[in-house]
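A.B. asks: Mapped onto our numbering, the consecutive letters of the sequence shown carry residue numbers 660 to 998.
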Amino acid sequence: RAAAEALAAVAEVGSTAAMAALRVSVDDPDASLRRAALEALAKLSQRGDPCTVAAARGRLRDEEERTRRVALQCLAQVAEPGDLAVVETLLGCFGDADADTRRVAIETCVHVLGPSKERCVLTALCARLLDSDEHVRSAALDALAQAAERGDADVVAAVIARAEDSVDYVRWVALRTLRQLALVGDARAIRAAARLLDDADDDVRRGAAETLAALGAKGDRRVLTAAAAALRDPDARVRRAAVEAIAQVAPEGDEGALADVRLGCADVDARARRASVSALARLSLKGDRRTLDLLTARLGDSDARVRGAAAEALTMAVDEENADLILSTLTAWQAWTRG
660 RAAAEALAAV AEVGSTAAMA ALRVSVDDPD ASLRRAALEA LAKLSQRGDP CTVAAARGRL
720 RDEEERTRRV ALQCLAQVAE PGDLAVVETL LGCFGDADAD TRRVAIETCV HVLGPSKERC
780 VLTALCARLL DSDEHVRSAA LDALAQAAER GDADVVAAVI ARAEDSVDYV RWVALRTLRQ
840 LALVGDARAI RAAARLLDDA DDDVRRGAAE TLAALGAKGD RRVLTAAAAA LRDPDARVRR
900 AAVEAIAQVA PEGDEGALAD VRLGCADVDA RARRASVSAL ARLSLKGDRR TLDLLTARLG
960 DSDARVRGAA AEALTMAVDE ENADLILSTL TAWQAWTRG
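1. Is Cys-924 near Leu-890, with beta carbons less than 8 angstroms apart?
2. Expressed to the nearest angstrom, what Euclidean distance is found between the alpha-carbon atoms of Ala-876 and Asp-926?
3. In the stretch 756-839, which residue ranges form an unbroken alpha helix (DSSP H) of at least 4 residues, counting only runs that do not cross its ends?
4. Quick one: what's got a C-beta closer than 7 angstroms to Val-882's C-beta in the same chain, skipping five residues either side?
5. With 16 other CB atoms within 10 Å as the buried threshold, where does Leu-834 fall?
6. Comparing C-alpha positions only, which one of Thr-974, Ala-735, Ala-969, Asp-827 sits nearest to Ser-797?
7. Taking C-beta to C-beta, are Val-818 and Asp-861 nearer than 8 angstroms?
8. Between the Cα of Pro-893 and those of Glu-869, Asp-879, Arg-865, Ala-918, spot the shortest distance and give me the residue it belongs to.
9. What did DSSP end up calling Ser-704 once you bin it into helix, strand or coil?
10. Grouping DSSP H, G and I as helix and E and B as strand, with all else coil, what is Ala-868?
11. Going by Cα to Cα distance, which pick from Thr-955, Gly-959, Ala-676, Glu-911 is closest to Leu-942?
12. What three-state label does DSSP hand Glu-698 in the structure shown?
13. Expressed to the nearest angstrom, what Euclidean distance is found between the alpha-carbon atoms of Asp-879 and Asp-845?
14. Please list, in chain order, all residues of the same chain as Val-965 whose beta carbon is under 7 angstroms from its beta carbon, the five residues on each side excluded.
15. Locate the alpha helix (DSSP H) running through Ala-859, then write down its first and last residues.
16. Residues in the same chain with beta-carbon distance under 7 angstroms from Glu-808, minus the five sequence neighbours each way, listed in chain order, please.
17. Provide the residue span of the alpha helix (DSSP H) that contains Glu-723, from first to last.
18. Given that a residue counts as buried once 16 or more other Cβ atoms are within 10 Å of its Cβ, and exposed if not, what is Leu-803?
19. Quick check on the burial criterion: 16 or more other C-beta atoms within 10 angstroms. Buried or exposed for Ala-851?
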């Protein structure tokens, strides 16, 4: 360890001789020295330095897994974005015996790939969605979100399959990836998200509602029906996400959606009430009497933020005919709140 620290300290000088010494030390019999040399090279080398890139690539088959991961991290810092020769080498690391190394290889590959969309990379990432390690599977999902084009049917199908993963976190990441890659109105993605509204995990159900909000086309009855059912979820975060899905997808004046959102205005959770109040103003036709009455009632809510949301919503929902009455109500309310 002392030798490794000394090597790193000498490398701070950044001289040509020091850099040459570092590259020699990358092949040292001592694994700690190899790692220290790679870390120093990553810090001191210019982006695209061919000697450092070659040295790091040479250690991707190191006998020691920690050294392989440090070599990958070195490439992430030094390799030029779009260097397909490095990308090809990294693809070979996707099958590493060590799960953490596979995960770092995936993250490094996408970093080096840059904006280039290479089908061979997407194919390799989709294969890693079946990896035995949950962290590798979630890393592959995140990588696909960066590397694939929105609407890529093959990739979207592979991601949908992971929405049924045995690990709740992976299902949640799959939903997040769907929101980034599936097209609005994608029936397969919407069905997958709707199914997960019944998931045992609260975060997954919330992610499912958020996915419906992101992918539902205006007026999509499948989304509205599923989101309405989620308004009865025991978790308040899921109910809030369901309200947002309804507000995002329902057409203005949709009576069914308005009825659902009105119920949410009486939710036991203050943040769910606030979301419902805001959604009501977005969905109601201006001057709707039931909406104005409900929002006026919410000016007396026990939660200050709900009261504020109701006041703001009233200014959005009022029409010319009711403007004087609502203005008078808001003026009186403001006077009351100031004591």
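The beta-carbon is built from N, C-alpha and C at its ideal position, and this holds for glycine as well. Predicted model only: the values in this text are computed from it and were never measured.
C.D. replies: Result, derived from the coordinates:
1. no
2. 26 angstroms
3. 758-772, 778-787, 793-806, 812-821
4. Ile-849, Leu-871, Gly-875, Ala-904, Val-908
5. buried
6. Asp-827
7. no
8. Arg-865
9. coil
10. helix
11. Glu-911
12. helix
13. 11 angstroms
14. Ala-929, Arg-932, Arg-933, Val-936, Arg-957
15. Neither: Ala-859 is in no alpha helix (DSSP H) and is coded neither H nor E.
16. Lys-776
17. Neither: Glu-723 is in no alpha helix (DSSP H) and is coded neither H nor E.
18. buried
19. buried
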